[in-house]
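Residue numbers (the working numbering): 1 to 364.
In structure tokens:
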């Protein structure tokens with residue numbers, strides 16, 4: 001398919017999409033489908049369905065119908081960082097400076113939350129997944145008083161609701177009071193922001209105890225933090241407060257306060273200060289840790305779960321090294337496994353392939 005034909009076909013698809021959104025047909029279809037899928041338990045909203053061209057995360061009927069050789073853009077549905085910027089900006093949601101066109105980037109989020117709040121359904125899990133492309137839902141959208149906030153609260157306050165995965169676009173800010181988490185029936189919660197690993201001054205910190213009503217989560221089985229700003233002492237004080245029902249904990253892509261810990265000392269404190277390693281083997285908490293990959297591809301990361309658990313529970317080798325400025329840590333080649341959020345089947349050892357060693361021999 002030629003570039004010119006691809007351009008014409010893409011314009012046709014885009015015009016059809018605009019017509020569907022403007023007519024509200026997408027909201028009507030989601031509401032119609034939701035009422036007829038009685039076994040639907042999980043709804044996922046994400047800003048990107050592709051890592052790169054020809055590599056869709058989900059091969060939807062529309063994507064499968066694309067003509068062979070169709071060259072198309074890979075747009076992001078939520079705001080993305082400007083060139084030379086580390087993160088996207090969290091746009092205002094109400095007030096004189098609000099730009100309705102900017103809010104339209106979250107059209108899918110607005111439609112999904114509205115329908116889930118208003119309709120009768122059996123959905124128990126709601127996932128907002130940024131797939132580590134450094135974006136998220138503007139935290140202003142979940143301020144008290146917005147329609148989205150009210151819809152969000154209505155969803156998670158349903159008695160049967162069990163799992164929430166939330167990706168927030170916070171920029172420099174993280175609100176101190178998220179009562180959207182005030183649901184004692186949670187079984188599974190993941191909290192992520194658009195922060196990346198770098199050193200942050202202390203005055204920006206908000207305690208985990210101010211964000212999560214941990215005393216209300218008596219049935220929680222999973223707790224996860226990703227791209228979140230933490231202070232090591234606060235995190236170590238928080239983790240023992242998790243209820244005994246917790247089976248898995250994720251601590252991925254964390255940013256530490258300046259002079260307030262890093263991955264090396266965090267793993268040491270988890271091993272030495274918590275009682276996790278002294279529990280029966282069958283009762284030990286499964287620890288998941290992901291770190292940023294040196295490859296500059298969206299969605300690629302290093303999974304160090306096996307090495308972290310070996311260190312915490314079996315006195316294995318410390319998986320992290322402190323070779324970067326500030327509080328950032330990384331791992332040696334050979335530690336962990338390379339994975340791809342956009343391609344769950346893709347997995348590689350975290351090391352240089354033999355053919356690269358032939359071209360770029362290591363100095364002795």
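In this text, a Cβ means the ideal position worked out from N, Cα and C, and glycines have one as well.
Beta-bridge partners of residue i, as assigned by DSSP
i           : result
residue 282 : Answer is none; residue 282 lacks a bridge partner.
residue 348 : 338
residue 52  : 55
residue 290 : 303
residue 137 : 168
residue 125 : 42 and 163
residue 229 : 255
residue 331 : 320
Residues near residue i by beta carbon distance below 8 angstroms, same chain, minus five either side
i           : result
residue 34  : 40, 115, 116, 119, 121 and 123
residue 111 : 26, 27 and 30
residue 20  : 26
residue 264 : 318, 320, 321, 322 and 329
residue 76  : 47, 48, 133 and 135
residue 331 : 291, 302, 304, 307, 319, 320, 321 and 350
Reference residue i, options the options, closest by Cα
i           : options               : result
residue 244 : 67, 29, 220 and 58    : 220
residue 334 : 148, 319 and 61       : 319
residue 232 : 65, 168, 269 and 287  : 269
residue 235 : 256, 24 and 215       : 256
residue 348 : 331, 274 and 303      : 303
residue 306 : 144, 336 and 280      : 336
residue 148 : 12, 342, 253 and 103  : 103
residue 45  : 65, 157, 61 and 137   : 137
residue 343 : 281, 18 and 58        : 58
residue 227 : 211, 105, 168 and 271 : 168
residue 287 : 100, 80 and 308       : 308
residue 13  : 32, 67, 50 and 24     : 67
residue 50  : 346, 341 and 345      : 341
Same chain, Cβ closer than 6 angstroms to residue i, five either side skipped, listed in chain order
i           : result
residue 351 : 333 and 334
residue 316 : 310
residue 5   : none
residue 251 : 225 and 289
residue 63  : 56
residue 266 : 232
residue 91  : 102 and 138
residue 61  : none
Pair within 8 angstroms by beta-carbon distance, residue i and residue j
i           : j           : result
residue 261 : residue 131 : no
residue 93  : residue 140 : yes
residue 166 : residue 128 : yes
residue 301 : residue 339 : yes
residue 72  : residue 10  : yes
residue 161 : residue 208 : no
residue 125 : residue 36  : no
residue 1   : residue 108 : no
residue 223 : residue 253 : no
residue 53  : residue 74  : yes
residue 206 : residue 155 : no
Neighbourhood of residue i by C-beta, 7 angstroms cutoff - its chain only, sequence neighbours within 5 removed
i           : result
residue 146 : 93 and 94
residue 285 : 246, 247, 248, 249 and 276
residue 278 : none
residue 241 : 214
residue 274 : 239 and 240
residue 38  : 122
residue 142 : 148, 149, 152 and 180
residue 17  : none
residue 65  : none
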